[in-house]
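Residue numbers (my numbering): 60 to 484.
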């Protein structure tokens, strides 16, 4: 048994850390005993010990998914914060609040806790801590769907930050502003806010976690503009950044990388990405959903896609980034599935195609018309007899196009020669 005294040593703190996996409850008791010590402002060694214990205890509570206990811990350390310097107190509170918010557990405690901490920071006249917590509050309002409050807080905090020289916090607020505008569907304003955040980031050191958040948002906005090649690069950078600090958002980075490959029309690359260390370390329903969609794309089968959507509803429809691209994914796959069905035929009944793909006749007829107009294949719809007539895909004669190009270029040459002749005369 381990007995806690007022003279706990660093060795005892290390012991608590070493038994976290084997006996988390006992480790929490040890950490609790260390953080409950009476500390004076001149005892630097003991202050350091309590600070480390608080950090470890916060992380362990998060791993154990004990959100209420972590919220209570954040409130209970106020006496200790009065003993340490303002800078150290701010660092401890920010770290614990970040740990609490990164849990992503919807307990309903998030906004009240953040507001309560902001109230305490204001009463203690801790300006930097107040603004740092308000930056977290913006993200909480955003995830809670309270976008007007989020934007109001952005505007208020921005005005205060521009008077001070805290560029990292300014960048965080600009990034949060970009996220809010993106959720509201205002991509131009989201892009402008992200550009401001990147400009601010260029002049300071950006921690890996924050840099990953910037890259993630860049990838998401490139996806909105259908530039999935650039988006993939940003998602890869975001994944590497989150992975380097063992952050749970690394899973999202990997999921969006797979989404980009599917949207680019190269579902075969998905399996390649998951065969290395990524696939071994990161497993979950979100990744399984992307693999199933890639399989549907590879087989050009809309039924597999529909089954995947039904089976992985939470992972797909409740993820706003994936949800935004589901319709495009469906349309692309429906086109490929129809083309696969009609490939062997020169004449085929539309009713047969509709029955094969298990979709209403009108939907199939409309989609086939669209594919023909988009020149995805050559053919005509005989609506009178309900038949699709498919032509052989012969290459069109380019002679007329080349002749027009030659005449256009010759015209430009004549215009230039005429201007030079006028100067000579």
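Using N, Cα and C, we set each Cβ at its ideal position, and we do this for glycine too.
Every value quoted in this text rests on a predicted model; they were computed, and no experiment measured them.
In chain order, what residues of the same chain have a beta carbon less than 6 Å from the beta carbon of residue i, not counting five sequence neighbours either side?
i: residue 105; result: 98
Cutting at 8 Å between CB atoms, please list the residues of its own chain near residue i, excluding the five before and the five after it.
i: residue 67; result: Note that residue 67 scores 44 on pLDDT, short of 50, meaning its location in the model is unreliable and no value can be drawn from it.
i: residue 212; result: 193, 196, 197 and 200
i: residue 62; result: With a pLDDT of 35 at residue 62, under the threshold of 50, the modelled position of this residue cannot be trusted, and the question is left open.
i: residue 521; result: Missing from the structure shown is residue 521; the chain here goes from 60 to 484 and no further.
i: residue 428; result: 440
So residue i and residue j are supposed to be a Cβ contact under 8 Å. How far apart are they, rounded?
i: residue 228; j: residue 190; result: 6 Å
i: residue 439; j: residue 448; result: 5 Å
i: residue 341; j: residue 297; result: No, residue 341 and residue 297 are not in contact; Cβ-Cβ is about 13 Å, not under 8 Å.
i: residue 259; j: residue 218; result: With a Cβ gap of about 16 Å, residue 259 and residue 218 do not count as contacting.
i: residue 166; j: residue 127; result: 7 Å
i: residue 304; j: residue 268; result: 5 Å
i: residue 344; j: residue 315; result: No, residue 344 and residue 315 are not in contact; Cβ-Cβ is about 15 Å, not under 8 Å.
i: residue 256; j: residue 280; result: Going by Cβ atoms, the distance from residue 256 to residue 280 rounds to 11 Å, so no, they are not a contact pair.
Under 8 Å between the Cβ atoms of residue i and residue j?
i: residue 426; j: residue 393; result: yes
i: residue 195; j: residue 160; result: yes
i: residue 236; j: residue 252; result: yes
i: residue 209; j: residue 162; result: no
i: residue 361; j: residue 416; result: yes
i: residue 44; j: residue 349; result: With the chain covering 60 to 484 only, the question about residue 44 has no answer from this structure.
i: residue 319; j: residue 364; result: no
i: residue 140; j: residue 156; result: no
i: residue 113; j: residue 158; result: no
i: residue 432; j: residue 412; result: no
i: residue 323; j: residue 288; result: yes
i: residue 278; j: residue 293; result: yes
i: residue 329; j: residue 283; result: no
i: residue 443; j: residue 409; result: no
Could you tell me the alpha carbon to alpha carbon distance between residue i and residue j, rounded to whole angstroms?
i: residue 352; j: residue 367; result: 7 Å
i: residue 423; j: residue 358; result: 19 Å
i: residue 326; j: residue 332; result: 10 Å
i: residue 87; j: residue 154; result: 18 Å
i: residue 261; j: residue 234; result: 14 Å
i: residue 110; j: residue 131; result: 16 Å
i: residue 203; j: residue 214; result: 18 Å
i: residue 175; j: residue 206; result: 20 Å
i: residue 90; j: residue 302; result: 27 Å
i: residue 85; j: residue 69; result: 17 Å
i: residue 181; j: residue 355; result: 55 Å
i: residue 184; j: residue 276; result: 33 Å
i: residue 60; j: residue 273; result: Since pLDDT at residue 60 reaches only 31, below the 50 mark, its modelled position is unreliable, and the value read off the structure follows with that caveat. C-alpha separation (whole angstroms): 47 Å.
i: residue 101; j: residue 150; result: 19 Å
i: residue 461; j: residue 374; result: 50 Å
i: residue 78; j: residue 125; result: 18 Å
i: residue 468; j: residue 478; result: 16 Å
i: residue 386; j: residue 240; result: 21 Å
Using a beta-carbon distance below 8 Å, is residue i in contact with chain D?
i: residue 241; result: You won't find chain D in this structure, because it holds only one protein chain.
Which same chain residues end up closer than 7 Å to residue i when comparing Cβ atoms and leaving out the 5 residues on each side of it in sequence?
i: residue 83; result: 119 and 123
i: residue 313; result: 298, 337, 341 and 346
i: residue 482; result: none
**OP:** Would you check if there are 3 or more beta carbon pairs closer than 8 Å linking the stretch 179-189 to the stretch 138-155?
**Re:** yes
Original post:
Is the stretch 399-410 touching the stretch 381-389, taking contact as three or more C-beta pairs under 8 Å?
Top reply: no
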